[in-house]
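Colleague: Just dropping this structure here.
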Amino acid sequence: MARKSRASAIAMDDAPVQAPEKVYSTGIYARLSVEDNNHKEDGDSIEMQKYMLQKYVNEQPDMRIYSLYCDNGRTGTNFERPEFERLMDDVRAGKVNCIVVKDLSRLGRNYIETGNYMEKIFPFLGVRFIAVNDGYDSLNSQNTNDITVSLKNLINDIYAKDISKKSGSALAVKQRNGEFIGAYPPYGYLKDKDDNHRLVLDPDTAHIVRQIFLWKAKGIGINIIARRLNEMGVPSPAKYRYLSGVFKKEPTGSGAIWQGQSIKLITSNLMYAGHMAQGKSRKSLYDGQPTTMIPQSDWVVVRDTHEPIIDEDTFYKVQKIKEEQNRLHVSLNGKYADISNKENVFKGLLRCEDCKTKMVRYKDVSKAGSVCYRFICRVYAQNLSMTCTNKSVREDNLFECVYTTLQSQIDLAVDMERILERLNRQEHFQTARKKVEEKISTTRQKLKRIVFLKGSLFESYTNHLLSEDEYLYSKKSYDEDIGRLQIELAALERESIKYEKTLSPQNEWIKAFQKYKGKTSITREMTLELIQCIWVSGYNTIEIVWNYGDEYKKILPYKEGGACNG
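For what it's worth, the numbering used here labels the leading residue of the sequence shown as 82, then goes sequentially.
Written out as structure tokens, the structure is:
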């Protein structure tokens with residue numbers, strides 16, 4: 082019987098197998114608005130979404146799973162989600178060209194943004210998009226009722242706004258009742274174990290808050306208070322939450338130490354006097370209102386809701402001291418006012434090499450009253466850390482350095498384009514490229530054939546055409562062949578991308594820099610597109626890290642006439 086089975090298998094080997102023209106590198110995306118409690122019976126749970134989507138993709142001959150992306154406890158009303166951003170990074174890097182979701186609402190519930198992704202962003206990036214339960218596949222979009230898809234997106238949007246309105250009303254009631262509705266209690270407090278909407282003192286940090294107010298009541302500056310706490314080894318609020326297991330990611334840079342801004346926020350918070358003060362900001366999805374700060378006169382304040390850390394007299398004494406210091410600060414700023422309103426072109430791009438924090442632009446006024454700008458490390462300037470050394474960059478020197486270096490990058494990009502144009506015309510290059518495509522086609526055919534044979538094994542076993550040992554041996558052999566071929570195929574596809582994108586005159590690095598050829602000044606648009614960051618290690622000592630650095634490194638060997646081996 083076993084020989085008969087093998088003979089049948091050989092016969093099937095000879096039959097032509099229809100291989101897909103293209104195998105999509107697929108990203109599976111799952112999302113849940115509330116934290117998944119792992120209820121297996123919940124069809125919308127993260128685990129059920131992953132199981133269903135993996136099963137779906139594994140059954141498609143033209144798809145191969147690249148990675149899973151799961152945003153657990155993330156709203157669908159916007160696209161600021163960590164895993165979705167990681168997915169889009171992989172798309173832009175050419176690692177993913179197909180996205181599969183359970184239904185359209187998993188992608189997003191914002192009608193305009195979701196439609197923009199489906200109709201503009203995904204097609205522009207060459208991404209195939211599939212919503213399984215909604216029967217939508219952009220590859221066959223001509224067979225999909227566009228009106229139905231638009232209506233579903235609109236319904237998802239209306240649903241999200243309706244939930245926003247209802248939950249907003251419920252939270253407003255809790256605020257008026259003096260119940261705490263924040264995600265995290267203020268530093269110095271904990272949520273009551275028996276009532277999450279009630280605050281109780283944190284025995285480990287309440288005395289720190291009390292000391293901060295006492296220092297401030299004596300007129301001590303916020304930066305000096307922050308430095309004292311750092312010298313005492315007191316964990317910052319973010320570090321404390323990490324050590325307590327509240328935050329999963331350890332804070333780094335400025336987040337790992339006390340800063341003046343932290344002291345400023347604590348000494349302004351009425352909650353430390355025992356009164357619940359909420360509604361300081363407002364965001365409403367249902368009426369399209371973005372996050373806005375609410376004037377203090379309109380805060381929702383309920384008195385005597387929890388045990389105070391400091392008495393009310395001390396709190397208001399501190400407020401008067403802060404108001405006086407603020408008036409002095411404003412008057413000094415007015416004395417040296419800069420009326421040019423000059424744009425900060427390099428905002429957020431400069432980083433201190435010691436503490437890794439973003440450097441800030443500082444208006445430097447001479448005794449004669451002349452103004453210049455320089456970037457300084459705030460951690461060093463405020464003496465918050467003993468490990469950070471003095472460093473700064475004058476903005477005019479920065480402009481000159483970046484402009485000169487940019488011109489060199491543009492000249493290099495022009496030179497590389499000419500090299501790649503010559504390379505693409507050479508016969509050996511075209512032969513090597515064609516050879517890779519042929520290998521991809523052959524490998525896909527082999528993979529398709531082995532997957533087909535593996536699929537028939539279990540049926541042969543249940544029909545008693547194979548013994549259990551033969552079945553297990555053959556299955557293991559097929560699995561090993563499939564794994565080997567998938568690795569080979571992935572390597573070949575990377576090689577193919579090298580020919581199609583990296584070694585093309587249309588290389589994204591070349592086009593990005595050529596876009597600014599002939600420009601005589603540095604603009605904000607230019608710095609955001611071309612510069613990843615600028616490391617500052619001393620006085621006017623910088624290192625520019627350009628975007629597209631990996632692309633440049635890949636084509637650099639061909640600058641000196643390197644061979645292209647298939």
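Quick reminder that beta carbons are idealized off the backbone N, C-alpha and C, glycines included.
Please read all numbers here as calculations on a predicted model, not as lab measurements.
Scan the segment 274 to 326 and note each continuous alpha helix (DSSP H) run of 4 residues or more that stays entirely inside, going in chain order.
Modeller: Listed in chain order, the complete alpha helix (DSSP H) runs (minimum 4 residues) inside the segment 274 to 326 are 287 to 298, 303 to 313 and 318 to 324.
Colleague: Nearest to Pro638 by alpha carbon, out of Ile578, Ser548 and Leu504?
Modeller: Indexing the sequence shown from 1 puts residue 638 at position 557. Of the candidates Ile578, Ser548 and Leu504, the one whose C-alpha sits nearest the C-alpha of Pro638 is Leu504.
Colleague: Taking a contact to mean a Cβ-Cβ separation below 8 angstroms, would you say Lys472 touches Gly564 in this structure?
Modeller: As a first step, residue 472 is located in the sequence shown; it is residue number 391 there, counting from the start. As a first step, residue 564 is located in the sequence shown; it is residue number 483 there, counting from the start. Cβ distance not < 8 angstroms, so Lys472 and Gly564 don't count as in contact.
Colleague: Can you tell me whether DSSP reads Arg155 as helix, strand or coil?
Modeller: Residue numbering aside, residue 155 sits at position 74 when the sequence shown is read from its first letter. Coil.
Colleague: Which term fits Arg455, buried or exposed, when burial requires 16 or more other beta carbons within 10 angstroms of its beta carbon?
Modeller: Position 374 of the sequence shown holds residue 455. When all chains shown are included, Arg455 counts as buried.
Colleague: Can you tell me which of the three DSSP states Ile531 falls into?
Modeller: Working through the sequence shown from its first residue, we reach residue 531 at position 450. Helix.
Colleague: Compare the beta carbon distance of Glu502 and Ile591 with 8 angstroms and say whether it is the shorter of the two.
Modeller: As a first step, residue 502 must be located in the sequence shown, where it is residue number 421. As a first step, residue 591 must be located in the sequence shown, where it is residue number 510. No; because the gap between Cβ atoms is not below 8 angstroms, this pair is not in contact.
Colleague: Just curious, the beta strand (DSSP E) that Asp445 is in, first and last residue?
Modeller: Counted from its first residue, the sequence shown places residue 445 at position 364. Its beta strand (DSSP E) spans residues Val441 to Val446.
Colleague: With the cut-off set at 8 angstroms, would you say Tyr217 and Leu185 are in Cβ contact?
Modeller: For this step, residue 217 is matched to residue 136 along the sequence shown. For this step, residue 185 is matched to residue 104 along the sequence shown. Yes. Within cutoff.
Colleague: Mind checking which residues open and close the alpha helix (DSSP H) that includes Met357?
Modeller: Counting from one through the sequence shown, the residue named residue 357 turns up at place 276. Element bounds for Met357: not the alpha helix (DSSP H) but the beta strand (DSSP E), Met357 to Gln359.
Colleague: For the alpha helix (DSSP H) containing Val172, list its first residue and its last residue.
Modeller: Numbered from 1 along the sequence shown, position 91 holds the residue referred to as residue 172. Here the alpha helix (DSSP H) through Val172 covers Pro163 to Arg173.
Colleague: Ends of the alpha helix (DSSP H) at Ala494?
Modeller: Your numbering for residue 494 matches position 413 in the sequence shown. Unbroken alpha helix (DSSP H) run through Ala494: Glu476 to Arg506.
Colleague: Measuring only the C-alpha atoms, how far is Lys520 from Asn588?
Modeller: The residue labelled residue 520 in the question sits at position 439 within the sequence shown. The residue labelled residue 588 in the question sits at position 507 within the sequence shown. Their Cα atoms are separated by approximately 24 angstroms.
Colleague: Expressed to the nearest angstrom, what Euclidean distance is found between the alpha-carbon atoms of Pro142 and Asp215?
Modeller: Mapped onto the sequence shown, residue 142 falls at position 61. Mapped onto the sequence shown, residue 215 falls at position 134. One C-alpha to the other measures close to 20 angstroms.
Colleague: Would you kindly work out how many angstroms separate the C-alpha atoms of Glu393 and Arg257, rounded to a whole number?
Modeller: Position 312 of the sequence shown, counted from the start, is the residue given in the question as residue 393. Position 176 of the sequence shown, counted from the start, is the residue given in the question as residue 257. Their backbone Cα atoms lie some 21 angstroms apart in a straight line.
Colleague: Please state whether DSSP places Lys592 in a helix, a strand or coil.
Modeller: Counting from 1 along the sequence shown, the entry for residue 592 is found at position 511. Lys592: helix per DSSP, three-state reduction.
Colleague: Quick one: what's Tyr105 bridged to in DSSP?
Modeller: Taking the first residue of the sequence shown as 1, we reach residue 105 at position 24. Answer is Met144.
Colleague: Of the residues Ile636, Arg167, Lys556 and Lys136, which one's Cα is nearest the Cα of Cys151?
Modeller: Reading the sequence shown from its first residue, position 70 is the one you call residue 151. Per the Cα distances, Arg167.
Colleague: Could you give the distance in angstroms between the alpha-carbon of Met352 and the alpha-carbon of Tyr323?
Modeller: As a first step, residue 352 must be located in the sequence shown, where it is residue number 271. As a first step, residue 323 must be located in the sequence shown, where it is residue number 242. Using only the alpha carbons, I get a separation of about 23 angstroms.
Colleague: For Val383, which of helix, strand or coil comes out of DSSP?
Modeller: The residue labelled residue 383 in the question sits at position 302 within the sequence shown. Val383: strand per DSSP, three-state reduction.
Colleague: In terms of alpha-carbon separation, which member of Leu431, Lys439 and Thr523 lies closest to Leu479?
Modeller: Position 398 of the sequence shown, counted from the start, is the residue given in the question as residue 479. Ranking the options by Cα distance to Leu479, first place goes to Leu431.
Colleague: Assign Pro389 to one of two classes, buried (16 or more other C-beta atoms within 10 Å of its C-beta) or exposed (fewer than that).
Modeller: Counting from 1 along the sequence shown, the entry for residue 389 is found at position 308. It counts as buried.
Colleague: Taking the alpha-carbon positions, what's the Ile109 to Val532 distance?
Modeller: Position 28 of the sequence shown, counting from 1, holds the residue named residue 109. Position 451 of the sequence shown, counting from 1, holds the residue named residue 532. Cα to Cα, Ile109 sits roughly 21 angstroms from Val532.
Colleague: For Arg173, which of Ile202, Gly154, Phe160 and Arg162 has the nearest alpha-carbon?
Modeller: Counting from one through the sequence shown, the residue named residue 173 turns up at place 92. Comparing Cα positions, the closest option is Ile202.
Colleague: Mapping the DSSP letters down to three states, classify Leu611 as helix, strand or coil.
Modeller: Working through the sequence shown from its first residue, we reach residue 611 at position 530. Of the three classes helix, strand and coil, the one that applies to Leu611 here is helix, per DSSP.
Colleague: Give the range of the beta strand (DSSP E) segment to which Ile202 is assigned.
Modeller: Translated into the one-based positions of the sequence shown, residue 202 becomes position 121. Taken as a continuous stretch (DSSP letters only), Ile202 belongs to no beta strand (DSSP E), as it is neither H nor E.
Colleague: On the criterion of 16 or more Cβ atoms from any shown chain inside 10 Å, does Glu331 qualify as buried, or is it exposed?
Modeller: As a working mapping, residue 331 is identified with position 250 in the sequence shown. Burial call: exposed.
Colleague: For the candidate residues Gly334, Ile303, Ser585 and Gly269, whose alpha-carbon lies nearest to that of Leu280?
Modeller: As a working mapping, residue 280 is identified with position 199 in the sequence shown. Closest by alpha carbon: Gly269.
Colleague: On the CB-based measure, 16 or more other CB atoms within 10 Å of its CB, does Leu573 come out buried or exposed?
Modeller: The count along the sequence shown starts at 1 and reaches residue 573 at position 492. Leu573 comes out buried.
Colleague: Which same chain residues end up closer than 6 angstroms to Tyr443 when comparing Cβ atoms and leaving out the 5 residues on each side of it in sequence?
Modeller: Numbered from its first residue, the sequence shown carries residue 443 at position 362. Same-chain partners within the cutoff: Arg455 and Ile457.
Colleague: Do three or more CB pairs link the segment 600 to 617 to the segment 474 to 492 at distances below 8 angstroms?
Modeller: The segment 600 to 617 vs the segment 474 to 492: in contact.
Colleague: Report yes or no: do the segment 396 to 406 and the segment 427 to 441 share at least 3 C-beta pairs separated by less than 8 angstroms?
Modeller: No: the two stretches stay apart, fewer than three of their Cβ pairs being nearer than 8 angstroms.
Colleague: Return helix, strand or coil for Gly619, following the three-state DSSP convention.
Modeller: Within the sequence shown, the letter at position 538 stands for residue 619. Three-state DSSP puts Gly619 in a strand.
Colleague: Pull the bridge partners of Glu624 from the DSSP assignment, please.
Modeller: Reading the sequence shown from its first residue, position 543 is the one you call residue 624. DSSP output for Glu624 lists Trp616 as bridge partner(s).
Colleague: Could you pull the start and end residues of the beta strand (DSSP E) that Leu431 belongs to?
Modeller: As a first step, residue 431 is located in the sequence shown; it is residue number 350 there, counting from the start. From DSSP, the beta strand (DSSP E) with Leu431 extends over Leu431 to Cys433.
Colleague: By how many angstroms is the C-alpha of Val138 removed from the C-alpha of Ile146?
Modeller: The residue labelled residue 146 in the question sits at position 65 within the sequence shown. The residue labelled residue 138 in the question sits at position 57 within the sequence shown. Near 7 angstroms, if we compare the C-alpha coordinates of Val138 and Ile146.
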